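Residue numbers (the numbering used here): 216 to 457.
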């Protein structure tokens, strides 16, 4: 384990060296490396004490259905834990090597859906309880399952409103009694449904294109023909000589 002289000089001056430097110095002095590592751990804890972890009381709700929502929930859990750095979260004993710095960064920024081990390890590293961990895992499961489509229930009121809409009845008169409305047709007669908005737009564009073509054709027919165009050029006069 080669160590530079300037590194040993800084360690002798009272600065906290690295564990590598301490082990190299112990090996060079024929001392116990494990005892040197234990002494270094005690000194490092005294110089850089671990931040006091705050209790996490935030529990994400059931409305999280997107990656951005899950990322905001994880950032709030991290903020309530005291805002530890990514390196401290990854190296915490609660994570137990289940997460990496890059994957945690992608999860907190909403770039990629985290795995279950990453979410559980992150919650454990932040000191979150079982309720918060379960809420984060449930939010991940909802995002993975995708949006839930609600079944469309066709009631008599909606059928009546759709029929009146197809007949062109104004919306402010659709709540009136159907017997008082002048529908023009038998209410029991099946009414043909109107085309969709996209289909109506396409039909309107086709009609406009047809009208433009007809207008262009009419203008060409009404355009006066120039007299010079009716004359056929005499090719015998075309020449360089007299």
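We put the beta carbon where it would ideally sit given N, CA and C, even for glycine.
A quick note: this is a predicted structure, and the numbers were derived from the prediction, not measured.
Buried or exposed (CB count within 10 angstroms, at least 16 for buried), residue 221 | Residue 221 should be labelled exposed.
Quick one: what does DSSP say residue 390 is sitting in, helix, strand or coil?
-> Under the three-state reduction of DSSP output, residue 390 falls in the coil class, being neither helix nor strand.
Provide the residue span of the alpha helix (DSSP H) that contains residue 238, from first to last.
-> In the DSSP assignment, residue 238 falls within the unbroken alpha helix (DSSP H) covering 234-243.
Could you pull the start and end residues of the alpha helix (DSSP H) that residue 221 belongs to?
-> Annotation: the continuous alpha helix (DSSP H) that includes residue 221 extends over 220-227.
Looking at C-alpha atoms only, which residue of 274, 288, 320 and 251 is the closest neighbour of residue 345?
-> Nearest of 274, 288, 320 and 251 to residue 345, Cα basis: 274.
Reduced DSSP secondary structure (H/G/I, E/B, other) of residue 438 | Three-state DSSP puts residue 438 in coil, outside helix and strand.
Alpha helix (DSSP H) runs contained entirely in the region 289-316, provided each spans 4 or more residues = When DSSP assignments are scanned along the region 289-316, the uninterrupted stretches of alpha helix (DSSP H) that are 4 or more residues long and fall wholly within it turn out to be 301-305.
Mind reading off the beta-carbon distance from residue 351 to residue 333? Whole number of angstroms is fine, and I expect it under 8 angstroms.
-> About 10 angstroms; that fails the 8 angstroms criterion.
Helix, strand or coil: how does DSSP classify residue 411 here?
-> Annotated three-state conformation of residue 411 is coil, per DSSP.
From 382, 237, 380 and 328, pick the residue whose C-alpha is nearest to that of residue 353; which is it?
-> Closest in C-alpha terms to residue 353, from the list 382, 237, 380 and 328, comes 328.
Tell me whether the beta-carbon of residue 250 lies closer than 8 angstroms to the beta-carbon of residue 272.
-> In this structure, the beta-carbon distance from residue 250 to residue 272 does not fall below 8 angstroms.
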